[in-house]
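Numbering (this note's numbering), first residue to last: 3 to 201.
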Amino acid sequence: MTSLILLAVILLIVLLFIGTPVPVALGFAGLIGLYALSGEGALVVAAKVMFDTVNDFIFLAIPLFILMGTILGRGRIGEKLYYLFDVFLRQIPGGVGIATILTCAFLAAMIGTSVAIAAMVGSFAISNLMKYGYSFPLSLGICVAGGALGILIPPSVPMIVYGAFTQESTGSLFMAGVVPGMLAVILFSIYVAWEYLRS
3 MTSLILLAVI LLIVLLFIGT PVPVALGFAG LIGLYALSGE GALVVAAKVM
53 FDTVNDFIFL AIPLFILMGT ILGRGRIGEK LYYLFDVFLR QIPGGVGIAT
103 ILTCAFLAAM IGTSVAIAAM VGSFAISNLM KYGYSFPLSL GICVAGGALG
153 ILIPPSVPMI VYGAFTQEST GSLFMAGVVP GMLAVILFSI YVAWEYLRS
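If you want it as structure tokens, here you go:
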């Protein structure tokens, strides 16, 4: 038994060194370790659990969020939304930063993931923020903080995953995220305006 566990660890290291993706390497090594500890019955249970997890209707939302993010990115809709807010808010102190936060909030309601929002908005907002006198660290901070809204503002992929794994109502989780999400947008906007006036 210990020789099989040692084989699983060695296999993991070899797979990682030859460039196998980390999830695949961990999966293979984990299955060998599971077989070593519990036998063939554990592999049958593991296969059933994997199938049931992937077959869950709730998880269908995740690839659809990815599709929506791709459509928004390729269609440059996020960039157009940003410049719409920018035109109306540019005149007030910190308005360009607030436009960035509002764009992130709207995209959070469409995409549902933080990293995609921060990357998308950062690709067009950082240069515009710096053009209007924002420092590079502040510009990055605005985009990253705005991207964090993707977790909080519903519909959110982490909320869907959490609800699926804990058997909580996804609708209740979405309702619970509305007020904190709006509050975060307001507080981020106030902070951006204050930081802009201070610098």
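By construction, the Cβ of each residue, glycine as well, lies at the ideal position given by its N, Cα and C atoms. Being a predicted model, the structure only gives us computed values, none of them experimental.
Taking C-beta atoms under 8 Å as the contact rule, I100 and V16 fail to qualify, at a distance of about 52 Å. Taking the CA atoms as reference points, V163 sits about 31 Å from S141. Given a length threshold of 4 residues, each whole run of the alpha helix (DSSP H) inside the stretch 146-178 is given here in chain order: 151-154 and 159-168.
When the Cα atoms are used, I192 and I128 turn out to be separated by approximately 19 Å.
With fewer than 16 other Cβ atoms inside 10 Å of its own Cβ, G32 counts as exposed. Between M122 and G152, the C-beta spacing is not below 7 Å. When DSSP assignments are scanned along the stretch 70-133, no uninterrupted stretch of beta strand (DSSP E) that is 3 or more residues long falls wholly within it. Residues of the same chain with a CB within less than 7 Å of the CB of E197, apart from the 5 flanking positions on each side, are L140 in chain order. In this structure, DSSP gives I144 a helical state, which the three-state scheme calls helix. Non-local C-beta neighbours of V180 in its own chain, meaning closer than 7 Å and more than five positions away in sequence, comprise P156, ordered along the chain. For T4, the enclosing alpha helix (DSSP H) has its first and last residue at T4 to F19. The DSSP-derived three-state label of G135 is coil. When the five nearest sequence neighbours on each side are left out, the beta carbons in the same chain lying within less than 7 Å of the beta carbon of P95 are those of A195, Y198 and L199, in order along the chain. Within its own chain, the residues whose Cβ lies closer than 8 Å to the Cβ of E170, once the five positions on either side in sequence are excluded, are Y164, listed in chain order.
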